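S.K.: Straight run, no breaks: the sequence shown in the UniProt record's numbering ends on number 300.
Take a look at this one; I'll ask things after.
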Amino acid sequence: MKTVKRWGPPLLLLAPSLILMAVFVYGFIALNFQTSFTDNHTAQQAAGRAPVALVGLENYLALLGSEAFQHSLKNLLLYTAVFLVGTMVIGFLWAWVLERPAKGEGFFRSVFLFPMAVSFIASGVVWRWLLNSNEGESALGLNRLFQIVGLDFLQNPWWNNVSWGIAAIAIPAIWQLSGYVMALFLAGFRGIPDELREAGRIDGASEWQLYRHVIFPQLSPVALSALIIIGHMSLKAFDLIMSISKPANYQTKVPAVDMFVFKSSYDYANAAAVGSILLLIVAVLIIPYLVHTTRKEGGR
Numbered sequence: 001m002k003t004v005k006r007w008g009p010p011l012l013l014l015a016p017s018l019i020l021m022a023v024f025v026y027g028f029i030a031l032n033f034q035t036s037f038t039d040n041h042t043a044q045q046a047a048g049r050a051p052v053a054l055v056g057l058e059n060y061l062a063l064l065g066s067e068a069f070q071h072s073l074k075n076l077l078l079y080t081a082v083f084l085v086g087t088m089v090i091g092f093l094w095a096w097v098l099e100r101p102a103k104g105e106g107f108f109r110s111v112f113l114f115p116m117a118v119s120f121i122a123s124g125v126v127w128r129w130l131l132n133s134n135e136g137e138s139a140l141g142l143n144r145l146f147q148i149v150g151l152d153f154l155q156n157p158w159w160n161n162v163s164w165g166i167a168a169i170a171i172p173a174i175w176q177l178s179g180y181v182m183a184l185f186l187a188g189f190r191g192i193p194d195e196l197r198e199a200g201r202i203d204g205a206s207e208w209q210l211y212r213h214v215i216f217p218q219l220s221p222v223a224l225s226a227l228i229i230i231g232h233m234s235l236k237a238f239d240l241i242m243s244i245s246k247p248a249n250y251q252t253k254v255p256a257v258d259m260f261v262f263k264s265s266y267d268y269a270n271a272a273a274v275g276s277i278l279l280l281i282v283a284v285l286i287i288p289y290l291v292h293t294t295r296k297e298g299g300r
């Protein structure tokens, strides 16, 4: 009876959230995996007018063995690498510059954070023009700018390049989220006690040694958090790519775009398989971070 009185109210309080999460999160994840193990590839099957059979891992093997899907995975890896390096480096440098209070800091911080207020679709429309692939007399956007300032050699097809086009789409993503990483690092800088800085100066450390041996190591948890957050966002990239390119463009395909194309053609099985692959990739990235955080908190 005491156990019921002790645990009953908290469980009743949490029950609605737990039920909703069990049904609409984990239930749909399970349904997605179930669909990915079937041969549900046609509109008739999707509408229930044709039978659907289990095929096991056949869809996964076909996708992973497909050159088109391998190209999508390669694009995703390239996009993630450029996006992570760009946002982490630029965000950290901005935070380092603003780390010490100075005149106009609020203005510059607002300028750096402003791109976050713009949707990926809206910014994608603008960047589609800036990254126009026309060169020479018909050049537009950045290519036209390079032409005006005499840097014609920098003109390139941007996202229309088959091998590296997806890296060009990472540029607007970096522009949009570097301010978010800056905010994380700036909070980390401001959270370091002044006593640590003073102790380093008393010990005779130069300003660079102070940053290298005292301040930067304190930012490792912030860097790890930023890496995880930005990394999983890059793996789910879809709206920015769709607003700049098109689903039919081979050069900018990523798994999320493949999933949209499969779903649009009623190929629910392959769409579910792509979604499951993305979920597993994100899990590989997130779970070690959660385990590390849990162990760290448990050791305190």
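Built from N, CA and C at the ideal position, the CB exists for glycine as well.
Predicted model only: the values in this text are computed from it and were never measured.
Under a three-way DSSP split, which group does Thr42 fall into?
M.R.: Numbered from its first residue, the sequence shown carries residue 42 at position 42. In the structure shown, Thr42 sits in coil (DSSP, three-state: anything other than H, G, I, E or B).
S.K.: Return no unless some Cβ of chain C is closer than 8 Å to the Cβ of Arg212.
M.R.: Any reference to chain C falls outside this structure, which holds one protein chain only.
S.K.: Rounding to the nearest angstrom, what Cα-Cα distance links Pro247 and Leu113 in this structure?
M.R.: For the purposes of this step, residue 247 is taken as the residue at position 247 of the sequence shown. For the purposes of this step, residue 113 is taken as the residue at position 113 of the sequence shown. Taken atom to atom, the span from the alpha-carbon of Pro247 to that of Leu113 is near 30 Å.
S.K.: Using DSSP with H/G/I as helix, E/B as strand and the rest coil, what is Leu54?
M.R.: Reading the sequence shown from its first residue, position 54 is the one you call residue 54. It is a strand residue.
S.K.: Is it the case that the segment 204-222 contacts the segment 174-190, given that we only count it when at least three CB pairs across the two stretches are under 8 Å?
M.R.: Verdict: yes, contact present.
S.K.: Could you check if Asp203 is buried or exposed, using at least 16 other CB atoms within 10 Å of its CB as the buried criterion?
M.R.: Start at 1 with the first residue of the sequence shown, and residue 203 comes out as number 203. Burial call: exposed.
S.K.: Mind checking which residues open and close the alpha helix (DSSP H) that includes Thr252?
M.R.: Sequence index remark: in the sequence shown, residue 252 carries index 252 (1-based). Premise fails: Thr252 is in no alpha helix (DSSP H) and is neither H nor E.
S.K.: Quick one, which of Ile230, Gln34, Phe262 and Phe69 has its alpha-carbon nearest Leu57's?
M.R.: The residue given as residue 57 occupies position 57 in the sequence shown. The residue with the shortest Cα to Cα distance from Leu57 is Gln34.
S.K.: How would you write the range of the alpha helix (DSSP H) that Trp96 sits in, first residue to last?
M.R.: Position 96 of the sequence shown, counted from the first residue, corresponds to residue 96. Looking at the DSSP string, the run of the alpha helix (DSSP H) that includes Trp96 is Glu67 to Leu98.
S.K.: Taking 8 Å as the threshold, find out whether the segment 148-157 comes into contact with the segment 261-274 through three or more Cβ pairs.
M.R.: no
S.K.: Using the rule of at least 16 other Cβ atoms within 10 Å of the residue's Cβ for burial, across every protein chain shown, is Pro255 buried or exposed?
M.R.: Looking up residue 255 in the sequence shown gives position 255. When all chains shown are included, Pro255 counts as buried.
S.K.: Could you tell me if Lys103 is buried or exposed, where buried requires 16 or more neighbouring beta carbons within 10 angstroms of its beta carbon?
M.R.: Against the sequence shown, residue 103 aligns to sequence position 103. Classification for Lys103: exposed.
S.K.: If we call anything under 8 Å between Cβ atoms a contact, is Leu131 one with Trp159?
M.R.: As a working note, residue 131 is residue 131 in the sequence shown. As a working note, residue 159 is residue 159 in the sequence shown. A contact, by the Cβ cut-off of 8 Å.
S.K.: Nearest-angstrom Cα distance between Phe146 and Ala168?
M.R.: Locating residue 146 in the sequence shown gives position 146, counting from the first residue. Locating residue 168 in the sequence shown gives position 168, counting from the first residue. Between Phe146 and Ala168, the C-alpha separation is close to 16 Å.
S.K.: Whose CA, out of Arg212, Ser119 and Ala237, lies closest to the CA of Leu84?
M.R.: Here residue 84 corresponds to residue number 84 of the sequence shown, with the count starting at 1. With distances taken between Cα atoms, Leu84 lies closest to Ala237.
S.K.: Run the CB neighbour count on Tyr79, radius 10 Å, all protein chains shown included, and call it buried at 16 or more, exposed below.
M.R.: Taking the first residue of the sequence shown as 1, we reach residue 79 at position 79. Flag for Tyr79 reads buried.
S.K.: If you drop the 5 nearest sequence neighbours on each side, which residues of the same chain put their C-beta closer than 7 Å to that of Asn59?
M.R.: What you label residue 59 is simply residue 59 of the sequence shown in a count that begins at 1. Hits under 7 Å: Ser36, Ala269, Asn270 and Ala273.
S.K.: In the DSSP assignment, the alpha helix (DSSP H) including Ser243 goes from what residue to what residue?
M.R.: For the purposes of this step, residue 243 is identified with residue 243 of the sequence shown, where counting begins at 1. Here the alpha helix (DSSP H) through Ser243 covers Asp239 to Ile244.
S.K.: Check whether the Cβ atoms of Met233 and Ala95 sit closer than 8 Å, and answer yes or no.
M.R.: Sequence index remark: in the sequence shown, residue 233 carries index 233 (1-based). Sequence index remark: in the sequence shown, residue 95 carries index 95 (1-based). Against a cut-off of 8 Å, the Cβ pair of Ala95 and Met233 comes out as no contact.
S.K.: Quick check on this structure: which residue in Ile121, Ile171, Pro157 and Gln251 has the alpha carbon closest to the alpha carbon of Asn134?
M.R.: As a first step, residue 134 is located in the sequence shown; it is residue number 134 there, counting from the start. Cα-wise, what sits closest to Asn134 is Pro157.
S.K.: Would you mind sorting Lys5 into buried or exposed? The rule is 16 or more other CB atoms within 10 Å of its CB.
M.R.: The count along the sequence shown starts at 1 and reaches residue 5 at position 5. Per the 10 Å Cβ criterion, exposed.
S.K.: Sort Met259, Gln176 and Thr42 by Cα distance to Met116 and report the nearest one.
M.R.: For the purposes of this step, residue 116 is identified with residue 116 of the sequence shown, where counting begins at 1. Measuring from the Cα of Met116, the nearest candidate turns out to be Gln176.
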